[in-house]
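Numbering (this note's numbering), first residue to last: 1 to 251.
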C-alpha cells in the first residue's frame, strides 16, 4: 500500500523534472503491463474537470497527472527506477510469458468492468482505487504468477520481495517483476514538500468528494516501454510492444 509516514519526504525529484518538462526519454526505462490505457473518453473527460479543480485548489508543489497517463497496472516487468535498459532480450522473454498467459484459463474471455472510486491522498501520492468488479484483474495476476514461475522466475507481490526472482537469462542486477496487490491509478505526486501536509490533505479530501464514481469497461491490455516515468508516454507503436484486445462480440 501507499502509506504516509512523517519521516518520509513527499518530494519526488523525478516528478519535479516532469513538471519542468526536462525529463530525458530513455534515461529510465520500464516494462509494464497495464489495462484501460488510455482511459475511455468519458473517464478522461470527467477527470479533466476534476484535475482543473485540483490544480486550482492544491498547493503549488502538487503535480497533477494529465488524463493521458491514467492506467491500471497489472504487472510491472521492470520498474523504470532501475535506469537505462541495456538488456536487449528483455522484451522477447516477456513476450513469451505473455503468449502463455493469454492462453491461460484465468485470462479474460472478453471485456471486464472496474469501478473507479473517489481518490485519496496517501501522503506522497494521490490515487484512484478501482474495484475489480468481475475479478478479472485478480485472475490475470494469477495467470501471470503461474506463467512467471513456469518460466523459472517469481514476481514480488505487494511489499513482499523475499521470494522475487528474475527470469532465466536476465542480466545480473536487473530487478524482478512485481505484481501489485491493489488496483489503482496515480493522479498526484509532489515536486517539493508542501508547506503544510495537513492543509494539503484537507484540500484534497474536499475536492475528492466532488468525484462521482464511474464504471469503466476494459477492452484492451497493453505491454509498454515506459521510457518517460509514470506513463507520460504516447500510445504508439514505439511504446506498445504487446497487446490484447477483448473479442468484439464478447459481453
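Every residue, glycine too, gets a C-beta built ideally from N, C-alpha and C.
Legend entry - DSSP bridge partner residues for residue 201 (one or two, in chain order): DSSP, once it has assigned bridges, lists no residue as partnering residue 201.
Legend entry - Own chain partners of residue 158 with C-beta closer than 6 Å, once the 5 adjacent residues on each side are dropped: Apart from sequence neighbours up to five positions away, the residues of its chain that approach residue 158 with a beta-carbon distance below 6 Å are 181, ordered along the chain.
Inset, instruction - Could you check what DSSP says for residue 8 in three-state terms: helix, strand or coil? - result: Three-state result, residue 8: coil.
Inset, instruction - For residue 162, name the three-state secondary structure that DSSP assigns. - result: coil
Inset, instruction - Please report the residue range of the beta strand (DSSP E) in which residue 118 lies. - result: It is not in any beta strand (DSSP E) - residue 118 carries neither H nor E in the DSSP assignment.
Legend entry - Alpha carbon of residue 127 to alpha carbon of residue 145, nearest angstrom: 25 Å
Legend entry - Stretch pair the region 219–237 + the region 28–38: three plus CB contacts closer than 8 Å: yes
Inset, instruction - Following the continuous beta strand (DSSP E) through residue 63, name the residue where it begins and the one where it ends. - result: DSSP places residue 63 inside the beta strand (DSSP E), whose first and last residues are 62–64.
Inset, instruction - Please state whether DSSP places residue 152 in a helix, a strand or coil. - result: coil
Legend entry - residue 188, buried or exposed, once every other Cβ within 10 Å from all chains shown has been counted against 16: buried
Legend entry - Distance between residue 168 and residue 48 (C-alpha atoms, nearest Å): 43 Å
Inset, instruction - Take residue 250 and list the residues in its own chain whose beta-carbon comes closer than 7 Å to its own, dropping the five residues that flank it on each side. - result: In this predicted model, residue 250 has a pLDDT of only 47, less than 50, meaning its place in the structure is not dependable; the value taken from the coordinates is given anyway. Excluding residues within five positions, the ones whose Cβ falls inside 7 Å are 109, 110 and 111.
Inset, instruction - Write down the C-beta distance between residue 95 and residue 178 rounded to the nearest angstrom, noting that I regard them as a contact closer than 8 Å. - result: Not confirmed; about 18 Å, so no contact.
Legend entry - Same chain only: Cβ atoms within 7 Å of residue 29, ignoring 5 sequence neighbours per side: 80, 84, 85, 225, 226 and 227
Legend entry - N- and C-terminal bounds of the alpha helix (DSSP H) containing residue 55: 41–57
Inset, instruction - Give the straight-line distance between the Cα atoms of residue 253 and residue 59, rounded to the nearest whole angstrom. - result: As displayed, the chain neither begins before 1 nor continues past 251, which places residue 253 out of reach and without an answer.
Inset, instruction - Find out if the Cβ-Cβ distance for the pair residue 202, residue 10 is shorter than 8 Å. - result: no
Inset, instruction - Could you pull out every residue in the same chain whose Cβ sits closer than 7 Å to the Cβ of residue 20, ignoring the five residues on either side in sequence? - result: none
Inset, instruction - Consider the C-beta atom of residue 184 and the heavy atoms of the ligand ZN; say whether any pair is separated by less than 7 Å. - result: For the structure depicted, the ligand ZN is absent and the ligand set is empty, with no information on it obtainable.
Legend entry - Option in 247, 122 and 143 with minimal Cα separation from residue 102: 143
Inset, instruction - Following the continuous beta strand (DSSP E) through residue 187, name the residue where it begins and the one where it ends. - result: Element bounds for residue 187: 184–190.
Legend entry - Cβ neighbours of residue 104 in the same chain (closer than 6 Å, five flanking residues each side left out): 143
Legend entry - residue 100: first and last residue of the uninterrupted alpha helix (DSSP H) it sits in: 90–102
Inset, instruction - Starting from residue 223, trace the alpha helix (DSSP H) both ways and give me its first and last residue. - result: No alpha helix (DSSP H) holds residue 223; the beta strand (DSSP E) holding it covers 220–226.
Legend entry - Assumed close pair residue 185, residue 70 - CB separation to whole angstroms, cut-off 8 Å: Yes, they are in contact, since the Cβ atoms of residue 185 and residue 70 sit about 5 Å apart, within 8 Å.
Inset, instruction - Name the residue from 204, 88 and 91 whose alpha carbon lies nearest to the alpha carbon of residue 119. - result: Considering only 204, 88 and 91, the residue with the shortest C-alpha distance to residue 119 is 204.
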